[in-house]
Each structure stands twice: as structure tokens, then as C-alpha cells.
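Those protein sequence lines, which keep their order, are chains A, B and C. According to this note's numbering, the first sequence holds residues -9 to 679 in order. According to this note's numbering, the second sequence holds residues 980 to 1299 in order. According to this note's numbering, the third sequence holds residues 142 to 363 in order. I have placed the structure first, in the form of C-alpha cells, so that the comments after it can refer back to it.
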Amino acid sequence: MRRAGRTSPSARSLALVRVAMPALFLAGVAGFLVLGILGLALARHAGGRPVVYGASAALSAILCLVAAYDLIAAVGPSHELVLPLGLPWIGAHFRIDALSAAFLVVVNLGAGAASLFGLGDGRHEEAPERVLPFYPLFLAGMNLVVLAADAFTFLFAWELMSLASWALVLAHHRAAGNVRAGYVYLMMAGFGTLMLVLAFGLLAGHAGTYEFGMMRVSAPGALVAGAVLGLALLGAGSKAGLVPLHVWLPLAHPAAPSHVSALMSGVMTKVAVYGFVRIVFDLLGPPDWWWSMVVLALGGITAVLGVLYALMQHDLKRLLAYHTVENIGIIFAGLGLALAFKANAMPAAAALALTGALFHVLNHMLFKSLLFFGSGAVLSATGERDMERLGGLIGAMPLTAFAFLAGSLAISALPPLNGFVSEWLIFQAILLSPALPQWGLKLMVPAIGAMLALSAALAAACFVKAFGVTFLGRGRSGAAGRAREADRFSLAAMLALVGLCVLCGILPGFVIDALAPVAQPLVGGHMPAQAGIQWLSIVPVEESRSSYNGLLVFLFIAVAAWLSAVAVHRWASRAVRRGPAWDCGFPDASPATEYTAGSFAQPIRRVFGTLVFRARESVDMPAPGDMRPARFEVQLRDLIWELVYVPISDAVGAIATRLNFVQFLTIQRYLALVFVSLVGLLVALAVAP
Amino acid sequence: MTWDVAVNLAIQGGQMLVVLLLAPLLTGFVRKVKARLLRRQGPPVLQPYRDLLRLLRKEVVLADSASWVFRVAPYLIFAATWVAAALVPTFGLGLTFSWSADLIVIAGLLGSARFFLALAGLDVGTSFGGIGSSREVMIASLAEPALIIVVFTLALIAGSTQLSTIAGVMESGAVGLRVSLLLALVALIIVAIAENGRIPVDNPATHLELTMVHEAMVLEYSGRHLALIELAAFLKLLLYVSVIACVFAPWGLARPDAAPAALGIGLGAYVGKLAVAGFLLALFETSIAKMRVFRVPVFLGAALMLALLGTLLMFVTRVR
Amino acid sequence: MAAPNLQLDIAHMLAGGLVLASFLLLYQNRIFALLKVFALHSLLLSVAVAWQADIQGAPHLYITAGIAVVLKVLIIPGALYQMVKRLGIHREVETVVGIGPTMLAGMGLVALSIVLMLRVTETADTLAREDLAFALAVILLGLLTMVTRRNAISQVIAFMSIENGLILAATGARGMPLVVEISVAFSVLVALIVIGIFLFRIRERFDTVDMQALDRFSGERT
């Protein structure tokens, strides 16, 4: 309906659009770069913040609309634009197909909202000169990654994105722990890029072509393809936050200013997903079925571990960062399913799984940005990120609380909001998997389904905790009592995202239809068109199998709640009396007796913690008559850090100690060293076939 | 044409009223049977209705620290539970709006209701509310995946996640006896017991006991708010019984365009099923002791495992 | 899906029920409840065997079923019940690993046995294959129960559940000579007596039936 209603552009104007599209976006990127310079110049100026953030918001909004037009009008792959930049004999290639367009929508929507939030919340920034120059640079980097159509440009943009975000992580470098966060992030980003360099090197093969177009047509051997998959998982996975490569993420994301945290969690991880999809679904050719086992296993483990880690946190922003890990797991599980179906030539099922995963990319960007904005507003209002010192903020910040509540509902995958729809689609894809012929997949997919269901339920528990402890109850410290409502720009950014969360939740058919041209070239099929279905339901496979109507469910709940409220108030009582809390007759308990984040998570910690975290509780109870306070301590161990990273860092340390003597050689010996290695390389070149 | 639509809408509306009216009766019946099994007289079967009416007429006493979440939550909890209960086939298949939500959505709606209930428990800022909420989400974090996996099993058997399609397939007798079904049934019963806070997971009749879960969350509620929450709890029990009945005992369900007589038979069969289920529940509850809270995860973990086992068997043996 | 064959379906269901009962054994950690579950396990087995006797038309299987009912449903659990009572054994069974991981491992074992059986016997009839898979699962779960329990009584019960699994496999495979069954039954009885005596001796000597306590004494012989 909708698509037919648009004026279908004639072939000639469509061709023009295809030519103009990359140039348009490159102009946008150039605009961001100019803004970066402007930010540098105006950093200490009072007008710097409105100019940089306002212009970024406007530019992102325009780019988002253009990308959305490209996607919805199904413009098709654009012409390749080659600029004489970068390596002299290659140049820089840019191209926009449906996949890039979809991610450009995600990137620029998130960027627009973050800029809007920054416009208001940025006034609390203590060191604007450390944020303003890098912020537009970060946006430019993320856009460029998605635009790039050759390996060199892609890697360059990837590094630009990494370094700009690294600089933003270190904006508050004097705060405790932030320098370490920046260090770990830099290490992991370098590692990730190295893996991607190797992946592209293998993809380029003997021909040595770095253009994506050439890579797409050359089919690498099975061994090489498997290696590329592994490298892409390591490279893109480390940026996205796949377990066990996630360690930098909960350190770095919370350290940055709040709107940058939102960008890093909501958008940059999605750019990493884009990198993975681009390499594995687009460039690598037909997949082997066992690839999907690897991706599925990583996705499932990431989802469950991410949410369990999140449950143990009491720092609001770190909790959100761990949730990003969980959602990346869900997305990768969807991608793994899509790979499994693609490898077995089941395009319809593969399209369902891929659409579910991409829909979740959009949804996660929406609600994670929203939640980070909420936490940022709380941080600005109270100066606290520690939930144990917050509480009762709903009174002072009603709109922020409302927005955070909506985001919590959405991320907990509860109907009728958007998080539910994408998880529902992935579940529907899981139910198609008994038709897969491989035994391993048959046994694995239901287990992955169980893990996703578990992670969804735990996410709901976690957000009851996050919202309940932060906004409900009574304030636990003076800071919580002094809070004020956020400014209007911040509120506008949050409420706009709430609106989008609700819209995507109750009208998912339009998003699914918009994603159809993305799935088509990647898996050779797309989901059935949803626009013409009665009552705007979505029907992923066929009507007798399953259908969902978010709009009706939303309306039913709204009407039922309204009816019951009206009936009760009309015919029963409407009297209200305020009084002290009953609390089983305990008189005037202080806020110190409230449930805290730690005590709220205690039952779940008892259930899962002993296995996953080796949780130990110790109680130090003084003898009767002893006046010192009793102490209760919980010890959690991060097994991934201890088992993976500590050995590596120990090994590096040991090697460095061994090679320490190299530091104290004479000049002559250094020269000899250089000379010997040069000769060695030349010999290798001479001997090599 | 319009007549058909009107009839269908009337049936859907009738279903909404039936579940709303029968829910307190089921709870009253279970209480009565339990009392009789303990050789007590017990309150009359209609007592829950009286309680609800009495609560509705009373004024609400709000804690000073309660926010709007506390006041809105009862309506949302009730609405979500009611919508979910109205979408489960009770006396007839093919309800007008049954396609708007499948079994996964129904599980999700119950999740939404629980989300608000747990928030309401935290809202006043007392320790009892917190204890109830934190335990509720712990129980739910295991029960909900078990439920979803039971849904997977049923969906694999019937080729659909739509509850009325599943019930239709089960009723047609084409399925036969499957071990997966047995496992799914056991898992679903465990989930139902846990989700409704019945013995051995929680005791719906107790107060002032440190092991309580549901009652601790609603401790601060009074008046009409409490009435709505109680009604939602009754509806939830009815919903789970209806789901189990329509999947595992689909006999007597009226077909989509059935004559009024068939609808009557369906309704009679439904009431009969409720009575049997209520009796069995009461019998089970009187013959078993409540568990310690930290034994509940093991109990629910068993349900999760059984459900997963059932799904695994389906995955393996489905393709012949 | 083909039209269901009720006879085979019921056989299948009973075999599946036996797997479920094995999981109950694995889950239960109270001794008296364990005994009851074992009685249920054996009862299911005897019904399954009797059903096989009916559909296979093999009357000697009725005898097997009868033996199972008399011995394993009534006598052995009853005897063990008395024994536990008289010994005053601690009524919670100590487990080596938590129940959660044990159940997970049990799941893995069932999956393993299904895949294994379906792969090995590709030519056989579907339901017979599944029955064999279930029997293997019962045996493996019994072994797992033995491994994860410290208490001697629960190990005995687990051992006898393995026995049940073997009988299930044998009846499913059409025709195990009656002699073998009787001897098996007697051997179980003998084992019971021997174990009973042992338990008394162990108890007298070490004041516990916890296997870990016995381990500490195993060095004394030299």
C-alpha cells in the first residue's frame, strides 16, 4: 500500500538518485569533519556546544531521512563513487546498497538523538574541549564505515571511529578507573582492527583486490573462508562485545559522557554488527553449516552471560553497558540462525532470522540510547551513577522516569513494545529449525532458544531492579533528594525515542517491509510483505502458523485498563487517603531498610552466581554486646577475566621481561639488528616461490 | 456478513465476560475443596466475589512515598492479565481476535503484568515489598523460559504457535501420545504452580511469613487497587488452567462457526474441566508441604530441563 | 504426520515415562521420597513390560512384569524403607554436585543416547529405535545418579534403576529368554541382601553410610 502510494520515480530520476546518493552522504561526512574543526575552535566558547550539537543533530536528521528514503523507496544499490584518496592505485570506494542504507538509518537516527540530548545535557560537561572536537569526528567515522566499499577505506574509517571514541572515553580522564578503561579499550580496539586487517587480507587473496565488488565475486576455499569467519568474529565481535571479547565494553562505555555512552552502546556496536554482516553474509560467499554453530553458540553464551553480569552491577551505566553485551548476543544468535538456514538453502527462513536480527539492531539502538540518556539525566541531576545511593527520583524527575520506564519495558522484551517484536521474530525462526538436516544444529537450536528465553526473563528482572531501585522507593542519599528534572532538549530526545519504541512495537510490519530489500541479496529471499495484511498484523511465515498484532494488543490493554479505571471510579469508591506505609506494622523505617540493588539481585545471585561468578557470601556477626557493626560481604569473581585475560597479560609480561635486555644495547648493535632483519627478509623474499 | 461479524464479536465479548466471571469462582472452589479436605467448613464458594465487592467499596490508603506507578500498576496488571486470559480458547476455538496474539505473546503479556507488579512492590520503599519483588523476579526468570520452551514443544507438534490452532490439532487426534507432550505437561504444571504462587512454591493463604512472595509485593495495596490485583491473580490461575485444558484436554471445544448448542456444550465442558482442575489443585496443595525459597529454583530448573528435553525429542523425532 | 498407532504410542509413552522417572530419581534428594520414586520407576517398568507382553503376544513377559511388581515395587523398596528407619540414616542425601548441573548433565546424556541410537539403528522401526534410545537414557541416567550421590542407599537405588533400563531394552528388542530374566531378578535379590548386610556392617563399624567416610578408611588395609 504504502510503497504504491508513493510517486514511483521514473527510471531516469532513479538512476540519478543512485549516482547522487554516495556523494550526498560523503558531503554529510565532510560536514561532520568541518564541525569537528569548529568544535576545536569553539571548544572554550559558550556557543560551541549549541553550534556543534545543533548542527550535528540537523545533519544526522537529514542523513537519516535520506537513508530511510533510500531504503523504503527501494532505490537499489547505488553507483560506486571512487575518490582519489587513500592508497594511490586503489582510491577510496563508496557505495550504498540496502544493507548500508539500513545501517545508515540506525547510525544517523542514534546520532541525531544523541546530539539532541547533548545539546541539553552538554551544559553539565566540565571539559567541553575534550568532547566537542571528537564528537563529530566519531559520527563521521561511523558513517564512513558503513559507506566504505573497499577494505582500505573500511579499515581507515573503523580506526577513525575507534580513536575518536577512545578520545571521548578519556574525556573525564581524571575520574578513577577511566584511564584503565581507555587503556583496555585501546588494546582491544587495536586487536580487533588487526583481526579485520587479516580477514581482508585473506579475502583479497592472491589477486590482491581490496574492492568489495571484486571480493564478492571471488570465492575463497573452504579453509580460507573458515579462517575469515573466525577473524571477522574476533574483529567485529570484539567491537560489538561478544563474550569473551566484551571486557572493554563495560569499562569504556560508562566512562564516556552520557550521550557518547549512548552512541557507543547503541550505535557503534551496531556498526560492528554491520562489519560482521558485510563480511560474512556479503563478501564471503556461500556459508558452511558449521559456521552457524559457532555463531549461535557465541550468541547464546553472550546473551546469558551479559545479562547475568548486568544483574550483578549497581552502577547504572555499567549495568546498561552489560545489557548491550546481552543484546549483541541476541543479534548474533539471530545471525547464526540466518547462516544455518542460508547454508541449507532455506531462503525464507534465513530471511526471517536475518530480519529479526536486523530489527533487533534498530530496536536496541532505540531503547539503549533512551536508557543511556535516562541514566545521563540522572547523573547530571544527582552526580551519582551508583544505584545504592539513588532512589525515589520519580518524584523529582517524572518525565525522565517515564521515559526510562518505557525503555525498560522495551529492552525487557515485553509486549506491546518493540523489543518483543524482534525477539518474537527470532523465536519464530527458531521454530522453523527442525527442518535443518544437521544433527548438531537440531540439538543446538532449541538450547539456544532456551538461552534466549532465559536471557529475556533475566533482562526483565534486571530492569525491574534498575528502574525500581533508581526511581522508585525513597531516596537513599542526599544527592537523590536534590535532583531536578532534566532540561527540555534532553527530555525531547528521550521522549522522541519513547515514541519510536512504541511505534516500532505496534507497527512492526512497516519495519519488516523496509528490511526486505536488505535480506534479499544477502540470503536470497525476503519475508512476505506485511503491509497489505488485515489490521496491520505481522505474519512471518503463514497465517495458520503464527501472527502477532502489536497495535491490537496495545489497544486492548489500553481499552481494558481505561474501562476498568472508569468503571471502578464511577461505581465503586474513588476515595484516597494518604498515610504512612503499612509495612506489616513496622513504624517509620528509615530508607536504609529499603531493598538495595545488591539485595534485590541476591536471589538470582544465589541461583546462578555460584556457578558463573563463584559467588561467596560471608557474614561477620559481632558477638552480643560488641558494638561494631555486622558486615556482610559478597565476593564475585570475573572468571572470563581471570581465565582468558590474566594469562595473556602474564605471558606478555614474561616475554617483555625476557626481552628487556634489548633496551640496553649499543647503537652499533641496534644497527646490526636492523641490518640482519633486513637481510633476512630479503632472503625470505628470494627463497619464496 | 455483518451478522457473522456481530456474532463473532459477541462470542469474543462473551469469552471476556466468562473468564472475568468464572475466575473468582475457581479460586473460591479451590479454597472450599481445600478446606473440606482438611475437614474444615471453609468459606462459601462465592466468598471471593464478596471480598472483591467489599474491597472495591473501601477507600484506598496510599503510603506517603507511593508514586503514580503504584496507582497505575493495578489497572495495567489487570488489563494485561485480562487481555491474555481473553485470548485463550476456553469454550470455543477460532475467537475473532485470537490471531492477534499467539502463545508467546500471552506469555509476554503475563510478563508485562509481572513487571509492573514487581515495580509496585518496590515503589513504597519498604523491605517487605522488596523481598517479594526480588523473589518474584527470581522465580519468573526460571518459569518464563520454561513456559517459552513448552510453547516450542507445542508449536513443533502442531506447526503453529497459535493457541486455537494447537488446540484444534490436539483435538483432531492426529497427534497421538507423545513423550514430548508428557514432558511438556509436567513442565507446564510446574510453571503454572510457580507462576500462580501456589504451594509448594508460595502460599497464597499466608501473611506475615518471611517466605511469602506474592503477598509481600501487594502488602501496601488496599481498597480498589487490591481488588484489581486480586482479580488479576484469579484470572491468571484461570488462564493457566484454561491453557492446560485446551491443549491437553481439548474435548468439547466448540468449532469456529458452531451452533449455539455446541457453544453450550463447550461451556459446560469448560466448567467441568475447571472443576476437575480445581479439585486436583486443592488435592495437590493439601498433600504437599511448602518448599524453602531456595529450593524453588531447583524445582523450576527441573521444569526447564523437562521442557527442553521435550523440545529436543520433538526436534529429533519429528522428521520421519 | 502419519495416523497415530495407539498401541505403539502407549509403549512409547511408558518408555518415556521411565526416563521421566529417572530424572525424578536424579532430582530427588530425600531418602524416603527416593524410595517412593524408585517404586514408581519399577511400577512404570512393569506396566511397560506388561504392555509389551500384550502387543507382542509374549505371555512370558507377563511373568517378568509380575516379578518386577512383586520384587521392585513392593519388597525391595519396603525392605530398604525398614532398613533406613532402623538405621536412622540421615534423611537428606548428600550430593556431590549441585542438582542444577546434574540435571544439565542428565539432559546431555539423554540427547547423546538419542543421537547415538538413531544413528546406529537407522534401518529399524522408528518407535523401536526411540524405545532403545530411552532405555539407554535410563541406564546412563542411573549411572549419573550413582556417580553424583554419596549415600550408599541412593547408590543401590540408582543401580537398580539401571537394571530397570536393561529390562526395558530387552523387552523392547523382542524376546529375552525367561531364564535370563529370572536369574537377573534373583541376582538383584541376592545383591539386595548382600548390600543390606553390608550396610549394617558398614554402619556398625563406621557409624555412617556416607561413601566419603569409607574412602578415608580405604587406606587402612595395608
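Note that beta-carbon positions come from the ideal geometry of N, C-alpha and C, so glycine has one too.
Legend entry - When B:L1291, B:A1228, B:I1168 are compared against L1216 (chain B), the one with the closest alpha-carbon: B:I1168
Legend entry - Cutoff 6 Å; reference R(-8) (chain A); Cβ partners in own chain excluding five residues on either side: With a pLDDT of 42 at R(-8) (chain A), under the threshold of 50, the modelled position of that residue is not reliable, and the figure given next carries that caveat. Result list for R(-8) (chain A): A521, in chain order.
Legend entry - Residue-chain proximity (R(-8) (chain A), chain B), Cβ-Cβ < 8 Å: The predicted position of R(-8) (chain A) is uncertain, since its pLDDT is 42 and thus under 50; no value can be drawn from it.
Legend entry - Boundaries (first-last residue) of the alpha helix (DSSP H) holding R606 (chain A): Not the alpha helix (DSSP H): R606 (chain A) falls in the beta strand (DSSP E), residues 606 to 610.
Legend entry - Partners in chain B for A252 (chain C), counting only beta-carbon separations shorter than 7 Å: L1291
Inset, instruction - Answer yes or no: does any C-beta atom of chain A fall closer than 8 Å to that of G992 (chain B)? - result: no
Inset, instruction - Please compile the residues from chain F whose C-beta is within a distance smaller than 8 Å of the C-beta of V1165 (chain B). - result: Checking the listed chains, one finds no chain F in this structure; the protein chains it contains are A, B and C.
Inset, instruction - Evaluate the contact criterion for the region 427 to 436 of chain A versus the region 1060 to 1076 of chain B: three or more CB pairs, one atom per stretch, below 8 Å. - result: no
Legend entry - Inter-residue Cα distance where the pair is L404 (chain A) and A486 (chain A): 20 Å
Inset, instruction - Could you check if F394 (chain A) is buried or exposed, using at least 16 other CB atoms within 10 Å of its CB as the buried criterion? - result: buried
Legend entry - G324 (chain A) and I416 (chain A) closer than 8 Å at C-beta: yes
Legend entry - Beta-carbon gap between A191 (chain C) and A180 (chain C) smaller than 8 Å: no
Inset, instruction - Apply the 10 Å Cβ neighbour rule to A565 (chain A) and answer buried if 16 or more other Cβ atoms are within range, or exposed otherwise. - result: exposed
Legend entry - Span separating the alpha-carbon of S1221 (chain B) from that of F1227 (chain B): 10 Å
Legend entry - the region 379 to 397 of chain A contacting the region 470 to 479 of chain A, beta-carbon criterion three pairs below 8 Å: yes
Inset, instruction - Out of C:A189, C:D150, C:L147, point me to the one whose CA is closest to A310 (chain C)'s CA. - result: C:A189
Legend entry - Residues that DSSP places opposite G1071 (chain B) in a beta bridge: B:A1233
Legend entry - As assigned by DSSP and simplified to three states, the class of H1204 (chain B): helix
Inset, instruction - Within the same chain, show all residues whose beta-carbon is closer than 6 Å to that of Q169 (chain C), passing over the 5 residues directly before and after it, in chain order. - result: L175, V178
Inset, instruction - Using only alpha-carbon positions, find the residue among A:W238, A:A147, A:W281, A:C574 that is nearest to T1185 (chain B). - result: A:C574
Inset, instruction - Compute the distance between the beta-carbons of E201 (chain A) and H304 (chain A), then report whether it is under 8 Å. - result: no
Legend entry - Neighbourhood of S183 (chain C) by C-beta distance below 7 Å, restricted to the same chain and skipping five residues each side: A209, K213, V214, N305
Inset, instruction - Provide the residue(s) that pair with L73 (chain A) in DSSP beta bridges, ordered along the chain. - result: A:A82
Legend entry - DSSP three-state assignment for R1050 (chain B), whether helix, strand or coil: helix
Legend entry - Runs of alpha helix (DSSP H) lying entirely within the region 236 to 297 of chain A, each at least 4 residues, in chain order: 239 to 245, 248 to 252, 259 to 267
Legend entry - Residues that DSSP places opposite Q680 (chain A) in a beta bridge: For residue 680 (chain A) there is no data in the structure shown, the boundaries of chain A being -9 and 679.
Inset, instruction - Using three-state DSSP, classify L186 (chain C) as helix, strand or coil. - result: helix
Inset, instruction - Could you name the residues of chain B that S554 (chain A) contacts, counting a contact when the two beta carbons are closer than 7 Å? - result: Y1054, F1057, A1058, L1207
Legend entry - Listed by chain order, chain B residues near G157 (chain C) by CB distance under 7 Å: V1158, L1161
Legend entry - Proximal residues of chain B, C-beta to C-beta of I151 (chain C) below 7 Å: L1156
Legend entry - At least 3 beta-carbon pairs within less than 8 Å: the region 103 to 118 of chain A vs the region 78 to 94 of chain A: no
Inset, instruction - Check V65 (chain A) in the structure and name its three-state DSSP category. - result: coil
Legend entry - chain A within 8 Å of D1236 (chain B), Cβ atoms only: no
Inset, instruction - Answer yes or no: does any C-beta atom of chain B fall closer than 8 Å to that of G458 (chain A)? - result: yes
Inset, instruction - Could you tell me whether any Cβ in chain A is nearer than 8 Å to the Cβ of V256 (chain C)? - result: yes
Inset, instruction - Could you have a look at G157 (chain C) and say whether DSSP puts it in helix, strand or coil? - result: helix
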